[in-house]
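Sequential numbering of the first sequence, starting at 1, is according to full-length UniProt numbering. By construction, the Cβ of each residue, glycine as well, lies at the ideal position given by its N, Cα and C atoms. Heads up, the thing below is written out as structure tokens.
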Amino acid sequence: MRYWLMKSEPDEASIDDLANAPQRTLPWTGVRNYQARNFMRDIMQIGDGVLFYHSSCPEPGIAGLAQVSSTPYPDPTQFDSKSPYYDAKSTQESPRWMLIDVVFKKKCPLIALAALREHDELAEMRVLARGNRLSITPVTKAEWDFITKRLM
DNA sequence: GCCAACGTTGGC
DNA sequence: GCCAACGTTGGC
């Protein structure tokens, strides 16, 4: 059982979109970074905890909790020539991009990025590291416990 | 809109 | 394999 922080632009998929999706589940489409893909393909498992983070928006921060709810499978958007995530170099036989599904757990009052930075307990969080751009980052159990028990 | 940071591309 | 150029991310 591991813990993760996953960034989503709320314009594309917000915590409310996840809560209102069929089965409260969405496929995590559009990741086009190998390190993030490898997390989904190789390490993430059903039941892993997810901090759902809103990025590139007026109020960036943690907006709720979710869980990994599928094993890895090919991201369908890579085969869709009309999708912004289309990848002409990927094939059905050997898909380049894999994803997992995420299921809604709960929404919380936004824990702003600035608020996260105020806590020494979270100083080592990957998402807070200078220059971090990775859209999926591992979260330690201590960080998870602090955020879910003390900040929610 | 700016810009720092980082990943990817492609010429050599 | 190096590395400069370029594109993207994402907070501010």
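Nearest to Pro109 by CA position, among Gly30, Leu51, Val127, Pro84, is which residue?
For this step, residue 109 is matched to residue 109 along the first sequence. Comparing Cα-Cα distances from Pro109 to each of Gly30, Leu51, Val127, Pro84, the minimum goes to Leu51.
Please determine, among Ala36, Ser55, Gln45, the residue with the shortest C-alpha to C-alpha distance to Glu12.
Here residue 12 is taken as the residue at index 12 of the first sequence, counted from 1. The shortest C-alpha separation from Glu12 is found at Ser55.
Report the start-end ranges of each alpha helix (DSSP H) in the segment 34–65 that is 4 residues or longer and not cut off at the edges.
34–38
Report all residues from its chain with a CB closer than 6 angstroms to the CB of Ser90; omit the five preceding and five following residues, and keep chain order.
For this step, residue 90 is matched to residue 90 along the first sequence. Taken in chain order, the residues that qualify are Gln78, Arg96.
Determine the direct distance from the alpha carbon of Lys7 to that of Leu15, and round the result to whole angstroms.
Numbered from 1 along the first sequence, position 15 holds the residue referred to as residue 15. Numbered from 1 along the first sequence, position 7 holds the residue referred to as residue 7. It should be pointed out that residue 15 corresponds to Ile in this sequence rather than to Leu. For Ile15 and Lys7, the distance between alpha carbons rounds to 11 angstroms.
I'd like to know whether the C-beta atoms of Ile46 and Val68 end up nearer to each other than 8 angstroms.
The residue given as residue 46 occupies position 46 in the first sequence. The residue given as residue 68 occupies position 68 in the first sequence. Yes.
If we count Cβ pairs, one from each stretch, closer than 8 angstroms, do we get three or more for the segment 33–47 versus the segment 80–94?
no
Name the two residues that bound the continuous beta strand (DSSP E) containing Ile136.
Counted from its first residue, the first sequence places residue 136 at position 136. Looking at the DSSP string, the run of the beta strand (DSSP E) that includes Ile136 is 136–139.
Asp16, enclosing alpha helix (DSSP H) - first and last residue
Position 16 of the first sequence holds residue 16. Residues 15–20.
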